[in-house]
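Here the structure comes first, spelled out in structure tokens, and everything after it is commentary.
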Ligand SMILES: Cc1cc2nc3c(=O)[nH]c(=O)nc-3n(C[C@H](O)[C@H](O)[C@H](O)COP(=O)(O)O)c2cc1C
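In my numbering, the protein residues as written are 198 to 549.
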């Protein structure tokens, strides 16, 4: 194991709790992972800058060790109002099923607002003296990376192919997460297409290690000490794990989501872009099946995400997992619902 990577971040074990946007990475989850010697990560994706600030301060109150923040990099999008209307009509039967009467979303996100939020997120990270900042869905500018690094922030990009990781390295970032096709949640590709970037971790990590000089972090389907050891054996410096932490006591995931993961098997997972407009891996349900034939009509992220928000929210309220986004990696059989300390103790024991 390369100690210098762990030393650079200031953690004891090569275990990174994946950032998981949507209320999952509670301050308790993040703080307890860092307290146990791993790296806890706040997902800032759907937080406004003030909410991010509060979340950071809540983690700081609980732990005196390094933790990270992950932010979404916005990209421009176009769509027509006709396209929006068609999609809303397509989803009308689901609105009816949930007895949602007003299915017209009033305000849709604008790219310039997303960009402004991204810049404010960066400012919060600088103001709060965050040690580690990772990015998904794209990359910050060279200037922004320089500014973060000068402030002592360790910067991490996310890639699905070696081609993407090379750009991360060229831009001057400190490390790259290689997201294998096993991974739960959204695909992080930004240069390669979804299909090109669908590479299993056992093929992806050694190729990245061969071509890239900066540290590689493996992500996708890693659930236990054996999995982490396998990734280190392939040349990665650490493992980033999402699903393994998602059903834990401290996780803020909906109980229905946790239960779905704890009961899921490896052959129940699908890729869908119907929830958000970006491809993501989750547990198959009525929504993914009903929307499958309409996938080509999906609006770009974050428009589609906004259009399905009332459905996801109401479904959660009515206890209907059928219409919720149940993101999960490909190894849900290995998920547990213990607390963070118990999981971390087990992982550390299995690592040694
Ligand atoms: C519910 C959920 C939400 C996620 N949200 C984010 C996110 O906000 N930012 C990010 O970089 N990755 C996100 N990911 C992807 C993880 O970083 C990581 O690639 C993935 O969890 C690894 O696969 P695993 O779930 O099998 O461990 C998310 C994953 C899940 C399961």
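Positions of the beta carbon are idealized from the N, C-alpha and C atoms, including for glycine.
Set against 8 Å, the gap from the CB of residue 385 to the closest heavy atom of ligand 1 is smaller. A distance below 9 Å separates the beta carbons of residue 203 and residue 435. Distance between residue 230 and residue 250, taken at the CA atoms: about 19 Å. Per the CB criterion, closer than 5 Å to any heavy atom of ligand 1, the qualifying residues run in chain order as 215, 216, 217, 218, 240, 242, 267, 333, 376, 380, 381, 382, 416, 417, 418, 438, 439, 440, 524 and 526. In the displayed model, residue 376 falls within a strand according to three-state DSSP. Within the same chain, and ignoring the five residues on either side of residue 263 in sequence, the residues whose Cβ sits closer than 8 Å to its Cβ are 206, 207, 208, 231, 236, 328 and 329. The secondary-structure analysis by DSSP pairs residue 383 across a beta bridge with 477. No Cβ-Cβ contact shorter than 9 Å links residue 471 with residue 498. Two segments are said to touch when three or more pairs of C-beta atoms, one from each, lie closer than 8 Å; by this definition the region 351 to 366 does not touch the region 462 to 469. A Cβ-Cβ separation of about 5 Å places residue 459 in contact with residue 444 under the 8 Å criterion. By alpha-carbon distance to residue 348, the top candidate from 340, 355 and 354 is 340.
Remark: C-beta atoms of residue 271 and residue 311 approach each other more closely than 9 Å.
In the three-state scheme derived from DSSP, where H, G and I count as helix and E and B as strand, residue 334 is classed as coil. In the DSSP assignment, residue 266 forms a beta bridge with 239 and 330.
The three-state reading of DSSP puts residue 468 in strand, counting E and B together. By the neighbour-count criterion, in which a residue is buried when 16 or more other Cβ atoms sit within 10 angstroms of its Cβ, residue 447 is buried. Rounded to the nearest whole angstrom, the C-alpha separation of residue 478 and residue 320 is 31 Å.
Among the bridge pairs identified by DSSP, residue 541 is matched with none. Here residue 384 is buried: its Cβ has 16 or more other Cβ atoms, across all protein chains shown, within 10 Å. Taking C-alpha positions only, residue 298 is separated from residue 469 by approximately 26 Å.
Between the region 363 to 376 and the region 389 to 405 there are three or more C-beta pairs closer than 8 Å, enough to call the two in contact. Counting only unbroken stretches of 3 or more residues, no beta strand (DSSP E) element lies wholly within the region 265 to 322. Residue 290 is positioned such that its CB atom lies closer than 9 Å to that of residue 487.
Within the same chain, 480, 525 and 529 come within 7 Å of residue 461 by CB-CB distance, once the 5 residues on both sides are set aside. Here the alpha carbon of residue 483 sits roughly 42 Å from the alpha carbon of residue 342. The shortest CA-to-CA distance from residue 371 to any of 352, 439 and 363 is the one to 352. At a Cβ-Cβ threshold of 9 Å, residue 518 and residue 457 count as neighbours.
Contact annotation: the region 414 to 434 touches the region 528 to 545, with at least three C-beta pairs closer than 8 Å.
Judged by DSSP in its simplified three-state form, residue 437 adopts strand. In terms of Cβ geometry, residue 500 and residue 288 do not form a close pair [threshold 9 Å].
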